[in-house]
Every structure is written in C-alpha cells, then in structure tokens.
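Asker:
Numbering (my numbering), first residue to last: 352 to 553.
Now the structure itself:
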C-alpha cells in the first residue's frame, strides 16, 4: 500500500493519511470479497464523521468498538480523534490495537509518527516513518515527515537528505521545496552543522 500524497500542510496531511488509509483498506476488503461491516457499525462511523466535537466522535467510536472490538476503522479514527485532542499517548494505544488487527497497514505507522511527534518523541517518530520507508522507499509523505522530525532534533544534514530524496521523487511538491529553502537559511545562519552528527553534509 502506498502513501504518496501531497503535503499541503501538517493538519491536512494528517487527515489525508487517515482518510486515504480507510479508503485503501475498504478497497482491499472488497477485493478480497470479505463481508462488509454491519450497517449499524458503518452508520456509527458516518455519524462520528458528522459529529461536531471530538468528545461526541469518541462516544460513537467507543459504541462501535463495543459492538465489534476488532473494528479496524473505529480504532484508527478513535486514535486520530484522541491525537487531535492532545491525548497522543492514548492515541498510540489505539494505533497499537489497530496494528494488532492489521500489522501490514503502513498508514497506521504514519499516524503513530504524528503522535510521537506531538509528544516530542522525535526518535520514535523517525522509527515509525522508517518502518514505512523500508516497505515503500519512495513514499514522499514519510520522507517529508521524517525530515521534520530530524530537523526538530537538530540533525539538519539528514533532514536535508530526506527533503532532497522526496523532491527527487516528486519535484512538483511546493511545500517540501519551501521547507528545504527554510532549512538552508537556518544552516547558513548557523554557518556550521557542528551541533549535528552529520556535519559532513555539503
């Protein structure tokens, strides 16, 4: 499964991961001719999507999971809602439960990367994106997000390589190009990368 999407901004990017992941999973299930979720479960997700607050969404996700504790989309969407509420540790628990159901789902690993980033656990965020890149090394989204995490750690040379790799794959991505230029400005102002383990970057 590929997660090569445009990165308009961090919020929209995160939502794209969640939405595209659900669509991709639905197509996989249909292709495998698996039984669709009962109508009441699907309706709960529809209602959750229309709910005006994350608290209301969580109540509906919890109701769905009471009916079916293995309902993958409910675990993913519950994790997403918790992360948006600033409850990233609880979100990670949901994503781990989702991975128990679907261990090969790369989108969930991307969402874990977001949650770790929100907790300022940048090393773990990088590990999450690396897991995706091992399977799909041309995933522009994961390269970009990994670059952001590396930049937060002051590892500017490695971050620049991520942005360069992403632009090699998709030279039209304006956001990544702008981010690369901003990072170059930071590097030039510092005049050195001695605070970074990759000071041999040139």
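For each residue, glycine too, the CB sits at the ideal point set by N, CA and C.
So, is residue 434 buried or exposed, given that buried needs 16 or more other C-beta atoms within 10 angstroms?
Answerer: buried
Asker: Residues in the same chain with beta-carbon distance under 7 Å from residue 386, minus the five sequence neighbours each way, listed in chain order, please.
Answerer: Because residue 386 sits at a pLDDT of 45, beneath the cut-off of 50, its placement in the model cannot be relied upon, and the point is left open.
Asker: Confirm, please, whether the CB-CB distance from residue 469 to residue 437 is below 9 Å.
Answerer: yes
Asker: Pick out whichever of 541, 449 and 491 has its Cα sitting closest to the Cα of residue 519.
Answerer: 491
Asker: In angstroms with no decimal places, state the Cα-to-Cα distance between residue 414 and residue 528.
Answerer: 43 Å
Asker: What is the DSSP secondary structure of residue 458, reduced to helix, strand or coil?
Answerer: helix
Asker: For residue 465, name the three-state secondary structure that DSSP assigns.
Answerer: helix
Asker: Please report the residue range of the alpha helix (DSSP H) in which residue 442 lies.
Answerer: 439-452
Asker: Check whether the Cβ atoms of residue 411 and residue 402 sit closer than 9 Å, and answer yes or no.
Answerer: yes
Asker: What is the DSSP secondary structure of residue 417, counted as helix, strand or coil?
Answerer: helix
Asker: Report the rounded CA-to-CA distance for residue 526 versus residue 496, giving the unit in angstroms.
Answerer: So the alpha carbons of these two residues sit roughly 12 Å apart.
Asker: Determine whether the beta carbon atoms of residue 477 and residue 464 lie at a separation below 9 Å.
Answerer: yes
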